[in-house]
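Working notes, beginning with the structure itself.
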Amino acid sequence: MFPSPVSVATQEDFLLSLEFDNGEERVLDMKPFLNFGLFRALQSRELFQQVRVSFDSVEWPRGIDLDPEFLYQKSTTRTPKCQ
């Protein structure tokens, strides 16, 4: 079973910042997926920024969503910022 997202935020350049229920913080680059099917609508920055956590997935208006397996497998560990 894959961890579920507990929070999501958008970043510049169509990145999603994700926090999972196992405490991991990860980043998902959505650019490679924005030319396929329903995801084309997310090329609109206004729509892209409307992402939210819904149960164990993330979703946007218009019925666009991503399951926790996809989110976890396609995202990368966030590297800590240098201070």
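Under the working numbering, the first residue of the sequence shown carries the number 318, and numbering increases by one thereafter.
All residues carry an ideal CB built from backbone N, CA and C; glycine is no exception.
Extent of the continuous alpha helix (DSSP H) to which P349 belongs: Here P349 belongs to no alpha helix (DSSP H), and DSSP marks it neither H nor E.
Sub-8 Å separation of P385 and S324 beta-carbons: no
Buried/exposed call for F365, threshold 16 Cβ in 10 Å: buried
For V375, the nearest candidate out of L345, E363, T393, G354 (CA to CA): L345
Through-space distance from L383 to F331, alpha-carbon basis: 15 Å
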